[in-house]
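J.: One structure is given below, represented as structure tokens, and several questions about it will come after.
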Amino acid sequence: MKGSSELKFTKEHEWVRVEGESAVVGITDHAQEALGDVVYLELPEIGDTFEKGDVFGVVESVKTTSDLYAPVGGTVEAVHETLVDNCSLVNEDCYGEGWMVRIKMADPGELGSLMDQEAYEKYLAEEAD
Amino acid sequence: MRFIPATDAEIREMLATVGVEQVSDLFDVIPDQFRLRRPLSLPRALSEWELTRDMAGLARRNEGVEYASFLGAGAYRHVSSVVIDALIARSEFLTAYTPYQPEVSQGTLQAIFEFQGFVCELLGMEVANASVYDAASGLAEACLMADRALRRKARKRVVVSETVHPEYRRVVSTYLEHSGIEVEVVPVGEGGVTDWERLSAAVARGASGVVVQSPNYFGIVEDLRRAREAATEAGGLLIVAVAEPVSLGLLEPPGGFGADIVVAEGQSFGIPLSFGGPYVGLFATRDRYVRSMPGRVAGATVDRAGETGFVLTLATREQHIRREKATSNICTNQALCALAATIHLALLGKRGLEQVARQNLSQATWMKRAVSRLEGFEVPFEGPTFNEFVVRSREVPVADLLERLEARRILAGVPLGTDYPHLEDCWLLTVTETATRSDMERLVSALEEEGRK
């Protein structure tokens, strides 16, 4: 699977890359594949705060519209604005240019409840059954 | 697509393919004890001749169809062309289902697309949906939409002026009852218009939506600039309802005042009164809120050969995809009525609509002056009105008066006391382009005679 070993994953198919006290968030290859061509993204504003599990945005594809869940709680410090005009990047490069928001974590301890790559892959295999 | 029932031969062929002997075998899953073993308790079927005769007999029992009518209050008698029935009776339109398959529904989809364009132009807005059921439910949807569109800034509260149609307000309350969104009604002010001071106080706590109607229930044109200010103060959306969109043939549309959502009753555009329905709701908003807008939307696109085509779009917001997070539980439109309205507007054109509006205004103005000259009556409100206005009966109770006039085959208007207790000595009198000179003179003489104790 594309991506890298330092990423963490949620059951809702978001990934997290930790950068110091912040978490960069996007959706996984499995998610973009399942969604199909992404046509629209609704992202939060800088300064918005979320708790872990809150809906922070919406991703719309040709066949469905899905909520995006905050993998960790905190304050939004960066939003990938240009992604909204180039949302195909979510399909093409979901772990790189497909990043969506960077959250300044309120409690880095919440990272502990996320899956590492191996656990996520195992989770995907189980889900497929 | 035409609907032609299956022949006996086709039915036998289908049964054979499926592998059963008769149609009743398809219901084998229903346990024996739940099966009806006797004929349904219905009278015997009538022949076409008998049925036509019976229905004609029922129709003859309708009184009031030939009376002079000055009824309004949300449903208006207007002139419409026979062309409308001739076109909507075409089976392609009459029996068409929802155009999910664009490859077989281009006619339906194009008609919806044109309808949406007319609605945008009429209401002065950027995007419209394929229609909702009527203005009342459309207004309820608008209130839900305003809260939804504000997302994290939603206030869970809408403030509604009491000059909005009472039935629209009742439907809004019903829809919002369990939504967690509070509805506050600001009582009607002096002069029969919105009490802007009280509205301002009401929005001080914030609101997702400020709801006004113009012309309002009393026929008076409201100050939409003040409504826009109030909505901005509230941090919410300005929602404007229009019960009589013929008024837009003369008035600046709500879009021109910065309305965020506009809902109108389309019945005035070629839809018969039909004892209350079906009618059609026009619903429009700004581009930035399009993804929060309920209802179907038809869009124009190009196919792979580069030809223009039409499809339903933004479908992922709808019921069948999003369920409880959908923009509405409604997943349909009023296609046939919307089509009738589209044909009506196309026949009138902008100039035609303006002419009709002028006729309404001048007839109603004539009547207003005539009535205010009568002893026993007065026009209590001074605000500018379009085709309806409030009349106060000084001496005779309104119910008695209207009854006496009905005995003279005149339907003089809609009493206001039930919904506005302080106006129980008043009624709403509506004059459209359909009132003849003789009907109007007849009403004035009848009022003169019946208006004194």
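Heads up: the protein sequence lines correspond to chains A and B, in order.
Residue numbering for the first sequence follows this note's numbering, beginning at 2 and increasing consecutively.
Residue numbering for the second sequence follows this note's numbering, beginning at 1104 and increasing consecutively.
The C-beta atom is built at its ideal place from N, Cα and C for all residues, glycine as well.
Predicted, not measured: the structure shown is a model, and the values here were computed from it.
Mind reading off the beta-carbon distance from residue 1339 of chain B to residue 1258 of chain B? Whole number of angstroms is fine, and I expect it under 8 angstroms.
T.: For the purposes of this step, residue 1339 of chain B is taken as the residue at position 236 of the second sequence. For the purposes of this step, residue 1258 of chain B is taken as the residue at position 155 of the second sequence. Going by Cβ atoms, the distance from residue 1339 of chain B to residue 1258 of chain B rounds to 6 angstroms, so yes, they are a contact pair.
J.: The region 1398-1431 of chain B: which residues have C-beta closer than 8 angstroms to a C-beta of chain A, in chain order?
T.: Taking 8 angstroms as the Cβ-Cβ cut-off against chain A, the residues of the region 1398-1431 of chain B that qualify are 1419, 1420, 1424, 1425, 1428.
J.: For the structure I just gave you, are there three or more beta carbon pairs, one from the region 1374-1387 of chain B and one from the region 1220-1238 of chain B, closer than 8 angstroms?
T.: Counting Cβ pairs under 8 angstroms, three or more are found: they touch.
J.: Which partner residues of residue 51 of chain A appear in the DSSP bridge assignment?
T.: As a first step, residue 51 of chain A must be located in the first sequence, where it is residue number 50. Answer by DSSP bridge pairing, in chain order: A:75.
J.: Can you give me the Cβ contacts of residue 1336 of chain B inside the same chain, cut-off strictly under 6 angstroms, excluding the 5 residues immediately before and after it?
T.: Reading the second sequence from its first residue, position 233 is the one you call residue 1336 of chain B. Contacts found: 1306.
J.: Could you tell me whether any Cβ in chain B is nearer than 8 angstroms to the Cβ of residue 61 of chain A?
T.: In the first sequence, residue 61 of chain A corresponds to position 60, counting from 1. True, the Cβ-Cβ gap to chain B drops below 8 angstroms.
J.: Smallest Cα separation from residue 1261 of chain B: which of B:1123, B:1267, B:1313?
T.: Residue numbering aside, residue 1261 of chain B sits at position 158 when the second sequence is read from its first letter. Ranking B:1123, B:1267, B:1313 by Cα distance to residue 1261 of chain B puts B:1313 first.
J.: Cβ closer than 8 angstroms: which chain B residues qualify as neighbours of residue 38 of chain A?
T.: For the purposes of this step, residue 38 of chain A is taken as residue 37 along the first sequence, with counting starting at 1. Those do not exist, as residue 38 of chain A stays about 12 angstroms from chain B at its closest Cβ, beyond 8 angstroms.
J.: Please tell me whether residue 62 of chain A and residue 38 of chain A are closer than 8 angstroms, where the distance is taken between their beta carbons.
T.: If you number the first sequence from 1, residue 62 of chain A lands on position 61. If you number the first sequence from 1, residue 38 of chain A lands on position 37. Result yes, Cβ atoms of residue 62 of chain A and residue 38 of chain A sit closer than 8 angstroms.
J.: Taking 8 angstroms as the CB-CB cut-off, is residue 1255 of chain B touching chain A?
T.: Taking the first residue of the second sequence as position 1, residue 1255 of chain B is located at position 152. Interface residue, yes.
J.: Below 8 angstroms between beta carbons: does that hold for residue 1210 of chain B and residue 1356 of chain B?
T.: What you label residue 1210 of chain B is simply residue 107 of the second sequence in a count that begins at 1. What you label residue 1356 of chain B is simply residue 253 of the second sequence in a count that begins at 1. Against a cut-off of 8 angstroms, the Cβ pair of residue 1356 of chain B and residue 1210 of chain B comes out as no contact.
J.: Where residue 1207 of chain B and residue 1198 of chain B are concerned, what is the direct C-alpha to C-alpha distance, given to the nearest angstrom?
T.: Locating residue 1207 of chain B in the second sequence gives position 104, where the first residue counts as 1. Locating residue 1198 of chain B in the second sequence gives position 95, where the first residue counts as 1. Cα to Cα, residue 1207 of chain B sits roughly 13 angstroms from residue 1198 of chain B.
J.: Output yes or no for whether 8 angstroms exceeds the beta carbon distance between residue 1480 of chain B and residue 1550 of chain B.
T.: One-based indexing of the second sequence puts residue 1480 of chain B at position 377. One-based indexing of the second sequence puts residue 1550 of chain B at position 447. The answer is yes: Cβ separation under 8 angstroms.
J.: Rounding to the nearest angstrom, what Cα-Cα distance links residue 1508 of chain B and residue 1358 of chain B in this structure?
T.: In the second sequence, counting from the first residue as 1, residue 1508 of chain B sits at position 405. In the second sequence, counting from the first residue as 1, residue 1358 of chain B sits at position 255. Their Cα atoms are separated by approximately 40 angstroms.
J.: Flag this pair as yes or no: are the beta carbons of residue 1501 of chain B and residue 1524 of chain B separated by less than 8 angstroms?
T.: For this step, residue 1501 of chain B is matched to residue 398 along the second sequence. For this step, residue 1524 of chain B is matched to residue 421 along the second sequence. Not in contact: residue 1501 of chain B and residue 1524 of chain B (Cβ atoms no closer than 8 angstroms).
J.: Under 8 angstroms, Cβ to Cβ, is there at least one residue of chain B near residue 29 of chain A?
T.: Here the question's residue 29 of chain A lines up with position 28 in the first sequence. Judged by the 8 angstroms Cβ criterion, residue 29 of chain A is not in contact with chain B.
J.: My guess is that residue 26 of chain A and residue 19 of chain A are in contact by the Cβ rule of under 8 angstroms, so how many angstroms apart are they, rounded?
T.: Position 25 of the first sequence, counted from the first residue, corresponds to residue 26 of chain A. Position 18 of the first sequence, counted from the first residue, corresponds to residue 19 of chain A. The pair is not a contact, with the Cβ atoms about 11 angstroms apart (cut-off 8 angstroms).
J.: Do you know whose CA, among B:1225, B:1526, B:1347, lies nearest residue 1388 of chain B's CA?
T.: Against the second sequence, residue 1388 of chain B aligns to sequence position 285. Looking at the Cα atoms, B:1225 is the closest of the given residues.
J.: Is residue 1255 of chain B near residue 1395 of chain B, with beta carbons less than 8 angstroms apart?
T.: Stepping through the second sequence from its first residue, residue 1255 of chain B is reached at position 152. Stepping through the second sequence from its first residue, residue 1395 of chain B is reached at position 292. No, Cβ-Cβ distance for residue 1255 of chain B and residue 1395 of chain B is not below 8 angstroms.
J.: From B:1203, B:1214, B:1384, B:1353, pick the residue whose C-alpha is nearest to that of residue 1191 of chain B; which is it?
T.: The sequence position of residue 1191 of chain B within the second sequence is 88, counting from 1. Of B:1203, B:1214, B:1384, B:1353, the residue nearest in Cα terms is B:1214.
J.: For my contact list, residue 1295 of chain B and residue 1493 of chain B are in at a C-beta cut-off of 8 angstroms; report their separation, rounded to the angstrom.
T.: Mapped onto the second sequence, residue 1295 of chain B falls at position 192. Mapped onto the second sequence, residue 1493 of chain B falls at position 390. Yes, residue 1295 of chain B and residue 1493 of chain B are in contact; Cβ-Cβ is about 6 angstroms, under 8 angstroms.
J.: Quick check on residue 11 of chain A - is its C-beta less than 8 angstroms from some C-beta in chain B?
T.: Your numbering for residue 11 of chain A matches position 10 in the first sequence. False, the Cβ-Cβ gap to chain B never drops below 8 angstroms.
J.: The region 65-87 of chain A: which residues have C-beta closer than 8 angstroms to a C-beta of chain B, in chain order?
T.: From the region 65-87 of chain A, only 65, 66, 68 have a Cβ closer than 8 angstroms to chain B.
J.: Look up residue 1531 of chain B in the DSSP assignment and say whether it is helix, strand or coil.
T.: The sequence position of residue 1531 of chain B within the second sequence is 428, counting from 1. Strand, per DSSP.
J.: Check the Cβ-Cβ distances between residue 49 of chain A and every residue of chain B, and say whether any is below 8 angstroms.
T.: As a first step, residue 49 of chain A is located in the first sequence; it is residue number 48 there, counting from the start. Interface residue, yes.
J.: Using a C-beta cutoff of 8 angstroms, does residue 2 of chain A count as contacting chain B?
T.: Position 1 of the first sequence, counting from 1, holds the residue named residue 2 of chain A. Any reading at residue 2 of chain A is ruled out, since the residue's pLDDT is 49, under 50, leaving its predicted position unreliable.
J.: How is residue 1117 of chain B classed by DSSP in three states: helix, strand or coil?
T.: By 1-based counting over the second sequence, the position of residue 1117 of chain B is 14. Residue state, collapsed to three classes: helix.
J.: Quick check: residue 42 of chain A and residue 102 of chain A, are their CB atoms within less than 8 angstroms of each other?
T.: As a working note, residue 42 of chain A is residue 41 in the first sequence. As a working note, residue 102 of chain A is residue 101 in the first sequence. No, these two residues do not count as a Cβ contact at 8 angstroms.
J.: Taking Cβ to Cβ, would you say residue 65 of chain A is nearer than 8 angstroms to residue 36 of chain A?
T.: Stepping through the first sequence from its first residue, residue 65 of chain A is reached at position 64. Stepping through the first sequence from its first residue, residue 36 of chain A is reached at position 35. Cβ distance < 8 angstroms, so residue 65 of chain A and residue 36 of chain A count as in contact.
J.: What are the boundary residues of the beta strand (DSSP E) that residue 68 of chain A is part of?
T.: Start at 1 with the first residue of the first sequence, and residue 68 of chain A comes out as number 67. Taken as a continuous stretch (DSSP letters only), the beta strand (DSSP E) holding residue 68 of chain A covers 66-70.
J.: Would you mind sorting residue 1119 of chain B into buried or exposed? The rule is 16 or more other CB atoms within 10 Å of its CB.
T.: As a working note, residue 1119 of chain B is residue 16 in the second sequence. Flag for residue 1119 of chain B reads exposed.
J.: Extract the residue ranges of the alpha helix (DSSP H) inside the region 1123-1164 of chain B, only unbroken runs of 4 or more that lie entirely within it.
T.: Runs of the alpha helix (DSSP H) inside the region 1123-1164 of chain B: 1151-1163.
J.: Apart from the five residues just before and just after residue 1491 of chain B, which ones in its own chain have a Cβ nearer than 6 angstroms to its Cβ?
T.: Here residue 1491 of chain B refers to the residue found at position 388 when the second sequence is read from its first residue. 1175, 1322, 1531, 1533.
J.: Please report the Cβ distance between residue 1436 of chain B and residue 1409 of chain B, rounded to the nearest whole angstrom; I am assuming they are in contact, meaning their Cβ atoms lie under 8 angstroms.
T.: Along the second sequence, read from residue 1 onward, the residue named residue 1436 of chain B stands at position 333. Along the second sequence, read from residue 1 onward, the residue named residue 1409 of chain B stands at position 306. Actually they are not in contact, since the Cβ atoms of residue 1436 of chain B and residue 1409 of chain B sit about 29 angstroms apart, beyond 8 angstroms.
J.: Quick check on the burial criterion: 16 or more other C-beta atoms within 10 angstroms. Buried or exposed for residue 93 of chain A?
T.: Position 92 of the first sequence, counted from the start, is the residue given in the question as residue 93 of chain A. Flag for residue 93 of chain A reads exposed.
J.: Restricting to runs no shorter than 4 residues, where is the alpha helix (DSSP H) found entirely within the region 1419-1493 of chain B?
T.: Runs found: 1422-1425, 1438-1475.
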